[in-house]
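Chemist:
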Amino acid sequence: METHKIPLFKPWVSEWMARSVIFSILMTCLYSFAFYSNPATVIRFYGIQPGDVEYGAVVIYGSTVAFLALDFRIVKYFAPRRYLLTAIAINSICSLVCLYSGDWSVFIVCQFVQGITCALMSGIVLNLVFPRLHSTRARVIGYTILYAGIQISAPFYSIYSSMVLHYFDFNWLFYGSTILLLALTVIVLLTMNDSARFHKKIPLYQVDWIGYLLYVVFILTMGYILVYGRQLGWFSNNRILFLLLFVVLILSLFVIRQLTLKRPLINLVIFKEKNFIIGLVLLFTFYIFKGSTGLAYGYLEVILQTDPLQTVPIWITVICGTVISMFATSRFVLMGYNLMRIILLGFGIMALYYLSMLHFVSVKGETADLILPLFIYSVATGVLFVPIVAFTISAAPPKIAFNASLIGIFARFTGFTASLAFNNELQAFIRYAVRKKVNESVDEINVKLSGTLKGINQIYLHGGKDIYITKDTSGGYLNKLIKAQIFARATHDYYDWMFISVVCVMGGILIFPQIKNVILKLKRGSIPY
Numbered sequence: 193m194e195t196h197k198i199p200l201f202k203p204w205v206s207e208w209m210a211r212s213v214i215f216s217i218l219m220t221c222l223y224s225f226a227f228y229s230n231p232a233t234v235i236r237f238y239g240i241q242p243g244d245v246e247y248g249a250v251v252i253y254g255s256t257v258a259f260l261a262l263d264f265r266i267v268k269y270f271a272p273r274r275y276l277l278t279a280i281a282i283n284s285i286c287s288l289v290c291l292y293s294g295d296w297s298v299f300i301v302c303q304f305v306q307g308i309t310c311a312l313m314s315g316i317v318l319n320l321v322f323p324r325l326h327s328t329r330a331r332v333i334g335y336t337i338l339y340a341g342i343q344i345s346a347p348f349y350s351i352y353s354s355m356v357l358h359y360f361d362f363n364w365l366f367y368g369s370t371i372l373l374l375a376l377t378v379i380v381l382l383t384m385n386d387s388a389r390f391h392k393k394i395p396l397y398q399v400d401w402i403g404y405l406l407y408v409v410f411i412l413t414m415g416y417i418l419v420y421g422r423q424l425g426w427f428s429n430n431r432i433l434f435l436l437l438f439v440v441l442i443l444s445l446f447v448i449r450q451l452t453l454k455r456p457l458i459n460l461v462i463f464k465e466k467n468f469i470i471g472l473v474l475l476f477t478f479y480i481f482k483g484s485t486g487l488a489y490g491y492l493e494v495i496l497q498t499d500p501l502q503t504v505p506i507w508i509t510v511i512c513g514t515v516i517s518m519f520a521t522s523r524f525v526l527m528g529y530n531l532m533r534i535i536l537l538g539f540g541i542m543a544l545y546y547l548s549m550l551h552f553v554s555v556k557g558e559t560a561d562l563i564l565p566l567f568i569y570s571v572a573t574g575v576l577f578v579p580i581v582a583f584t585i586s587a588a589p590p591k592i593a594f595n596a597s598l599i600g601i602f603a604r605f606t607g608f609t610a611s612l613a614f615n616n617e618l619q620a621f622i623r624y625a626v627r628k629k630v631n632e633s634v635d636e637i638n639v640k641l642s643g644t645l646k647g648i649n650q651i652y653l654h655g656g657k658d659i660y661i662t663k664d665t666s667g668g669y670l671n672k673l674i675k676a677q678i679f680a681r682a683t684h685d686y687y688d689w690m691f692i693s694v695v696c697v698m699g700g701i702l703i704f705p706q707i708k709n710v711i712l713k714l715k716r717g718s719i720p721y
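Residue numbers (my numbering): 193 to 721.
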């Protein structure tokens, strides 16, 4: 029997066991993103700045995005089990190197390599899942399970890392990664055939390695500009100007190369489809709004001073809301409901999330107050994800459908990275405006200020403090109180802006007549992103 006709799983492996193995591969390849679930711990452990943590996430995400384009060819050459075991081995080595190094530069290099292994493993997951789905119903459900796994991985690993970091130091996350990879190795060795293949073996000729290098350099440089741009002063900084010109040059070379090659890394002809471009814009916009939840978790940490373990109920709520809403949405998609109406509903629920945050954000509150808003947020993401992807895939011609996947995941990455820059810039602008207003009102002639200071002094004096110590302590407490007020007011104003933005997006969808009646066409063999 030809190797590409041999079943990938051994005869004794049931269908449900095979699906469990596939899901375990997916969740394991996403483990590396767990290192960023508690940025404060990373900052303390490596002695770095918040922007460095953001760029670390950009490096592993961008490395995954870039290598997926190359993986499409490579996976047709190697046997899946050996290919997968190689990725697991490299990932394990990187975890061990980070464990014994403790150096941030080494960590970043390992994250880049682990991004490649994440692409290898997720590429195998895609090839394992979607050729098994023959009907439209099965494909929609398959998409839903895949996206649900991706969406819940962040809160799932946030729960895991919070528990680990509560009792141990940051290095234990590397221990956990190594143990998980060893367990997956045993599972793969027991359940998968060594000689089975997805396709007939295709030699690695005319692979666009140069295109890959241009692509990955473009992605990482663009990420650097968006993450560090504000810190360096944007266009007033020579480094940013140089990198911007460099990005334009690299992008130009990449596009020219893709348009002239017979077998390009990514077929850019797909951009001729108008609905595909609209789908990319929706996907990008969705990730901009999705990135705004970082401020909610910042509010929990800064204002409510919530311990990471106390946020576990919120993360569980987010997981439940995502799973329930995604599977409910898949049912509506299968019943033939108009995709644009479902997408409008999703953005409407996102607007409701911003309204609920406007209601709950203040300097006084409880952690439990954010359970409902973040549940609404998780429902919004669950409702939006599958229809947006389905809409975009439906616009792609069958012959180049896989290129829609590659460009789609790039749009997701760009939305994620742009959300970091956009949110940092908008928050800084709003906080500056709020701080300016506070400084105008908080001065020595303000009667309320003197009354507040006297009240704070009395509290400390009644607590048995010395009068001189009381003056210093009350001044520090007042500064802390003012900072909390500024943060809360800025957060409130930020959600005002986001609410207005999501309403504008909904209005934009309504005025495009060509996307109101989109027919869902999920072809067999098309692999989503």
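Think of the CB as a built atom: it goes at the ideal place given N, C-alpha and C, for glycine as much as any other residue.
Helix, strand or coil for phenylalanine 438 per DSSP?
Modeler: Phenylalanine 438: helix per DSSP, three-state reduction.
Chemist: Sorted by chain position, which residues of the same chain lie with C-beta nearer than 6 Å to tyrosine 253's C-beta, five sequence neighbours on each side aside?
Modeler: Around tyrosine 253: Phe605.
Chemist: By the three-class DSSP mapping on this structure, what secondary structure does phenylalanine 201 have?
Modeler: Here phenylalanine 201 sits in strand by DSSP.
Chemist: Let me know the secondary structure DSSP gives methionine 384 once reduced to three states.
Modeler: Methionine 384: strand per DSSP, three-state reduction.
Chemist: In this structure, does DSSP put glutamine 497 in helix, strand or coil?
Modeler: Glutamine 497: coil per DSSP, three-state reduction.
Chemist: Run the CB neighbour count on alanine 572, radius 10 Å, all protein chains shown included, and call it buried at 16 or more, exposed below.
Modeler: It counts as buried.
Chemist: So isoleucine 379 packs on serine 216, CB below 8 Å; how close in whole Å?
Modeler: Contact holds; Cβ gap of about 7 Å.
Chemist: Beta-carbon separation of serine 353 and asparagine 230 under 8 Å?
Modeler: It is a contact, given that the beta carbons lie within the stated cut-off.
Chemist: Quick check on the DSSP output: the alpha helix (DSSP H) that includes valine 250 runs from which residue to which?
Modeler: 242-266 is the extent of the alpha helix (DSSP H) around valine 250.
Chemist: Return the Cβ separation of leucine 576 and phenylalanine 539 in integer angstroms, given the expectation that the two are a contact with Cβ distance under 8 Å.
Modeler: With a Cβ gap of about 7 Å, leucine 576 and phenylalanine 539 count as contacting.
Chemist: Determine, using beta-carbon pairs with one atom in the segment 228-245 and one in the segment 359-371, whether at least three such pairs fall under 8 Å.
Modeler: Contact holds: three or more Cβ-Cβ distances are below 8 Å.
Chemist: Can you look up proline 395 in the DSSP assignment and give me helix, strand or coil?
Modeler: Here proline 395 sits in coil by DSSP.
Chemist: In angstroms, rounded to a whole number, what distance separates the CA positions of arginine 455 and aspartate 400?
Modeler: Straight-line Cα distance between these residues: approximately 8 Å.
Chemist: For valine 553, name the three-state secondary structure that DSSP assigns.
Modeler: Coil.
Chemist: Could you give the DSSP three-state label for glutamate 636: helix, strand or coil?
Modeler: Its pLDDT being 49, under 50, glutamate 636 is placed unreliably in this model, and the value from its coordinates should be taken loosely. Coil at glutamate 636, not helix or strand.
Chemist: Starting from the C-beta of alanine 680, find all residues in its chain whose C-beta is less than 7 Å away, skip the five residues before and the five after it, and write them out in chain order.
Modeler: Ile495, Val553, Ser554 and Val555, listed in sequence order.
Chemist: Verify whether the separation of the beta carbon atoms of tyrosine 407 and alanine 258 is less than 8 Å.
Modeler: Yes, the Cβ-Cβ distance between tyrosine 407 and alanine 258 is below 8 Å.
Chemist: With DSSP run on the structure shown, which of helix, strand or coil describes aspartate 561?
Modeler: Reduced to three states, the DSSP call for aspartate 561 is helix.
Chemist: Would you say phenylalanine 691 and leucine 547 are within 8 Å of each other, going by their C-beta atoms?
Modeler: For phenylalanine 691 and leucine 547, yes; Cβs fall inside 8 Å.
Chemist: Taking only the alpha-carbon atoms, compute the straight-line gap between isoleucine 637 and asparagine 430 and give it to the nearest angstrom.
Modeler: Residue placement at isoleucine 637 is poorly supported in this model, since its pLDDT is 47, which falls under 50; the coordinates still yield a value, given next. Approximately 44 Å, taken between the alpha carbons.
Chemist: Go through its chain and collect everything with a Cβ distance to asparagine 394's Cβ below 8 Å, but skip five positions before and after it.
Modeler: Reading off the sequence shown, one finds isoleucine at residue 394, where the question assumed asparagine. So the list reads Arg265, Lys268 and Tyr269, once near-sequence residues are dropped.
Chemist: What residues in its chain sit with their C-beta under 7 Å from that of glycine 471, if we drop five residues either side in the sequence?
Modeler: So the qualifying residues of the chain are Ile580, Phe583, Thr584 and Ala587.
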